[in-house]
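> Let me begin by handing over the structure; questions about it come next.
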Amino acid sequence: MTDKRLLRALAGEPVDRPPFWFMRQAGRYLPEYRATREQAGDFLELCYNPELAEEVTLQPIRRFGMDAAILFADILLLPQALGREVAFRAGEGPVLEPLTRTEDIPEMNAGRLHDHLGPVYETVGRLSNSLPADVALIGFAGAPWTVATYMVEGGSSKDYAAVKGWAFADGEGFGRLIDVLTEATGAYLKQQIRAGAEVVQIFDTWAGALPAAWLEPLVFGPLRRIVADIHESFPDVPVIGFPRGIGAAAERAAEIEGLAGLSVDWATDPRWAAERLQPHLTVQGNLDPRLVVVGGEPMRAAARDILRALAKGPFIFNLGHGIVPETPPEHVGELSDLVRNWKAE
Ligand code: CP3
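In terms of the UniProt record's numbering, the sequence shown is residues 1 to 345.
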């Protein structure tokens, strides 16, 4: 078996201490990221530049020694690879050409998809050669529902009026979009694994916007199909799901066949997660990123509380969502040291 802590935790094997990494660990809170991004031009150019994307992936590992590196890319490269227009405007976030009609749902074309995403696979390949031996490489993609929200809304949304309007009124038409995204996401993640990714995480950031009854067709169903698709070719590669904001329905996610890990948001009580989720799979989470902005004793106390509740079972320490740009890097260092030196009490 491997000596990489993250892979051991995902396989339910004993570890000397919980592995840790942080969502959005590469990003604007680091001055060296801002410098490399400047060099690349804009954010998308950085994503498609294998040398610079490798560099920003490695930056947090050099500083803080996390147990895993996450490929530097974005969930919105996939709609672009399907032929939709995507741009990132300063201060505005992502802007997409809104997809509103069944006739405009893109076709899945594996040749075009992999051609477009070639530089991402190259970044993965470079990283699998350059990472320290004990650091695991995580690939990722957005989940179909979350990617669909950006495609249909044309960007970030407050109320999901357009995408819910379509999903609730025309289950069959919208289901076709979800199907295309499910197939494309499986193909994309399998190619990342071929290039060297050892684990993959599927980000369903906006799962919590849905009523419970829609979680099965739009969130759990697609996740189950992507896990099965990956495992048909790569039975041993662990998949982590992150259906954010779904509350107690996380119990249903934890029962998805073959899912190795479930990332939970900060609103989830770690003791509840230990009792209800850990018997099924490895739990990942769930410090509020705002506590890392605050730092000091409030951050340390909250981190210890999570470790006390979850470190006995299969566990990966992480945040409940991504690091925010105003986070002082020293706080991330202090949090990393706290987890690294954790001894069961
Ligand atoms: O370090 C890492 O976590 C790896 C890289 C990564 C990025 N985006 C880089 C990024 C990952 C895993 C993502 C996932 C992603 N992207 C998600 C799912 C996770 C989540 O955070 O909810 C979503 C919803 C997106 C879409 C996206 N990308 C938005 C809405 C934005 C704009 C908001 C913002 O923070 O500016 C992005 C941009 C983005 N993706 C940045 C980074 C580092 C900031 C871009 C910049 O440098 O200005």
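C-beta: ideal position from N, C-alpha, C; glycine also.
1) Do the region 178 to 188 and the region 225 to 235 touch if we need at least three Cβ pairs shorter than 8 angstroms?
2) What do you reckon, are the CB atoms on Tyr150 and Leu96 nearer than 8 angstroms?
3) For Leu262, write down the residues that DSSP places opposite it in a beta bridge.
4) Below 6 angstroms CB to CB, which residues in the same chain sit around Trp206 once its five sequence neighbours on both sides are set aside?
5) Let me know if Glu198 comes out buried or exposed under the rule of 16 or more other beta-carbons within 10 Å of its beta-carbon.
6) With respect to the beta strand (DSSP E) encompassing Ala136, which residues constitute its N-terminal and C-terminal limits?
7) Roughly how far, in whole angstroms, is the beta-carbon of His280 from the beta-carbon of Glu255, given that I think they are within contact range, below 8 angstroms?
8) Met23: beta carbon under 7 angstroms from a heavy atom of the ligand CP3?
9) Please determine, among Arg101, Gly241, Val264, Ile75, the residue with the shortest C-alpha to C-alpha distance to Gly93.
10) Rounded to whole angstroms, what's the CA-CA distance from Pro243 to Ala133? Just pull it up for me.
11) For a test of your reading of the model: does the CB of Asp16 fall under 7 angstroms from any non-hydrogen atom of the ligand CP3? Yes or no.
12) Let me know if Ala303 comes out buried or exposed under the rule of 16 or more other beta-carbons within 10 Å of its beta-carbon.
13) Kindly identify the DSSP beta-bridge partner or partners of Asn318.
14) Does DSSP put Leu76 in a helix, a strand or coil?
15) For Arg89, which three-state DSSP category applies?
16) Would you say the beta carbon of Arg37 is closer than 7 angstroms to some non-hydrogen atom of the ligand CP3?
17) Per DSSP, what kind of secondary structure is Gly111 in: helix, strand or coil?
18) Measuring from the CB of Arg28, is there a heavy atom of the ligand CP3 at a distance below 7 angstroms?
19) Between Pro94 and the ligand CP3, is the CB less than 7 angstroms from at least one heavy atom?
20) Who are the near neighbours of Thr268 in its chain, counting only those whose CB is closer than 6 angstroms to its CB and skipping five residues on each side?
21) Pull up the CB-CB distance for Arg193 and Phe234, whole angstroms please, since I reckon it's below 8 angstroms.
22) Grab me the residues of Ala311's own chain with a C-beta within less than 7 angstroms of its C-beta, minus the 5 sequence neighbours each way, in chain order.
23) Report buried or exposed for Ala81, applying the criterion of at least 16 other Cβ atoms within 10 angstroms of its Cβ.
24) Have a look at the DSSP bridge pairing and note the partners of Leu96.
25) Measure the CB-CB distance between Ile246 and Ala260 and report whether it falls below 8 angstroms.
26) Determine, using beta carbons only, whether Ala69 and Val135 come nearer to each other than 8 angstroms.
27) Against chain B, does Ala133 count as a neighbour if the rule is that its beta carbon must be under 8 angstroms from one of theirs?
28) Determine, using beta carbons only, whether Leu218 and Val200 come nearer to each other than 8 angstroms.
29) Closest by CA to Arg290, which one among Met299, Thr282, Gly83, Gln284?
30) Take Ile316 as the anchor and find which of Phe140, Leu262, Asp3 has the nearest alpha-carbon.
31) Less than 8 angstroms between the beta carbons of Ile323 and Gln25, yes or no?
32) Tell me the residue span of the alpha helix (DSSP H) that contains Ile230.
33) Quick check: what's the CA-CA separation for Glu54 versus Val339?
34) Is any heavy atom in the ligand CP3 found nearer than 7 angstroms to the beta carbon of Thr185?
35) Taking DSSP's pairing of strands, which residues face Asp204 in a bridge?
Reading off the structure:
1) Three or more Cβ pairs closer than 8 angstroms define a contact, and the region 178 to 188 meets that threshold against the region 225 to 235.
2) Your numbering for residue 150 matches position 150 in the sequence shown. Your numbering for residue 96 matches position 96 in the sequence shown. For Tyr150 and Leu96, yes; Cβs fall inside 8 angstroms.
3) Here the question's residue 262 lines up with position 262 in the sequence shown. In the DSSP output, where bridge partners are listed per residue, Leu262 has Gly241, Val283.
4) Stepping through the sequence shown from its first residue, residue 206 is reached at position 206. In its chain, beyond the 5 residues on either side, Thr146, Thr149 have a beta carbon closer than 6 angstroms to the beta carbon of Trp206.
5) The residue given as residue 198 occupies position 198 in the sequence shown. Buried, because 16 or more other Cβ atoms sit within 10 Å of the Cβ of Glu198.
6) Position 136 of the sequence shown holds residue 136. Note, Ala136: beta strand (DSSP E), 136 to 142.
7) Looking up residue 280 in the sequence shown gives position 280. Looking up residue 255 in the sequence shown gives position 255. Confirmed, about 6 angstroms.
8) Counting from one through the sequence shown, the residue named residue 23 turns up at place 23. Under cutoff, so the answer is yes.
9) Within the sequence shown, numbered from 1, the residue matching residue 93 stands at position 93. When Arg101, Gly241, Val264, Ile75 are compared, the shortest CA-CA separation from Gly93 is found for Ile75.
10) Reading the sequence shown from its first residue, position 243 is the one you call residue 243. Reading the sequence shown from its first residue, position 133 is the one you call residue 133. Cα-Cα distance, rounded: 30 angstroms.
11) Here residue 16 corresponds to residue number 16 of the sequence shown, with the count starting at 1. It does not: the Cβ of Asp16 is nowhere closer than 7 angstroms to a heavy atom of the ligand CP3.
12) Locating residue 303 in the sequence shown gives position 303, counting from the first residue. Label assigned to Ala303: buried.
13) On the sequence shown, residue 318 is found 318 positions in, with the first residue counted as 1. Partner(s): Asn286.
14) Locating residue 76 in the sequence shown gives position 76, counting from the first residue. Three-state DSSP puts Leu76 in coil, outside helix and strand.
15) For the purposes of this step, residue 89 is taken as the residue at position 89 of the sequence shown. The answer is strand: DSSP assigns Arg89 an E or B state.
16) In the sequence shown, counting from the first residue as 1, residue 37 sits at position 37. Yes - the ligand CP3 has a heavy atom lying nearer than 7 angstroms to the Cβ of Arg37.
17) Sequence index remark: in the sequence shown, residue 111 carries index 111 (1-based). Note: Gly111 maps to helix in three-state DSSP.
18) Counting from one through the sequence shown, the residue named residue 28 turns up at place 28. At least one heavy atom of the ligand CP3 is nearer than 7 angstroms to the Cβ of Arg28, so yes.
19) Residue numbering aside, residue 94 sits at position 94 when the sequence shown is read from its first letter. For the ligand CP3, at least one heavy atom lies less than 7 angstroms from the Cβ of Pro94.
20) Position 268 of the sequence shown, counting from 1, holds the residue named residue 268. Around Thr268, the same chain offers Asn286 as residues with beta carbons nearer than 6 angstroms, after the five sequence neighbours per side are excluded.
21) Position 193 of the sequence shown, counted from the start, is the residue given in the question as residue 193. Position 234 of the sequence shown, counted from the start, is the residue given in the question as residue 234. Per the sequence shown, the amino acid found at residue 193 is Ile instead of Arg. 5 angstroms between Cβ atoms; contact.
22) Counting from one through the sequence shown, the residue named residue 311 turns up at place 311. Exclusion of the five residues before and after Ala311 leaves Pro18, Trp342, Ala344 as the residues of its chain whose Cβ lies within less than 7 angstroms of its Cβ.
23) Here the question's residue 81 lines up with position 81 in the sequence shown. With 16 or more other Cβ atoms within 10 Å, it is buried.
24) Along the sequence shown, read from residue 1 onward, the residue named residue 96 stands at position 96. Paired residues: Val86.
25) Position 246 of the sequence shown holds residue 246. Position 260 of the sequence shown holds residue 260. Cβ distance not < 8 angstroms, so Ile246 and Ala260 don't count as in contact.
26) Taking the sequence shown and counting its residues from 1, one reaches residue 69 at position 69. Taking the sequence shown and counting its residues from 1, one reaches residue 135 at position 135. Yes, they are a contact pair.
27) Given the protein chain composition of this structure (a single chain), no chain B is represented.
28) Translated into positions along the sequence shown, residue 218 becomes position 218. Translated into positions along the sequence shown, residue 200 becomes position 200. No, these two residues do not count as a Cβ contact at 8 angstroms.
29) Within the sequence shown, the letter at position 290 stands for residue 290. Nearest option by C-alpha distance: Met299.
30) As a working note, residue 316 is residue 316 in the sequence shown. Ranking the options by Cα distance to Ile316, first place goes to Leu262.
31) Taking the first residue of the sequence shown as 1, we reach residue 323 at position 323. Taking the first residue of the sequence shown as 1, we reach residue 25 at position 25. In this structure, Gln25 lies closer than 8 angstroms to Ile323 by Cβ.
32) Working through the sequence shown from its first residue, we reach residue 230 at position 230. First-last of the alpha helix (DSSP H) with Ile230: 221 to 233.
33) Along the sequence shown, one-based indexing puts residue 54 at 54. Along the sequence shown, one-based indexing puts residue 339 at 339. So the two alpha carbons sit approximately 25 angstroms from each other.
34) By 1-based counting over the sequence shown, the position of residue 185 is 185. No.
35) By 1-based counting over the sequence shown, the position of residue 204 is 204. Per the DSSP secondary-structure output, Asp204 pairs in a beta bridge with Pro243.
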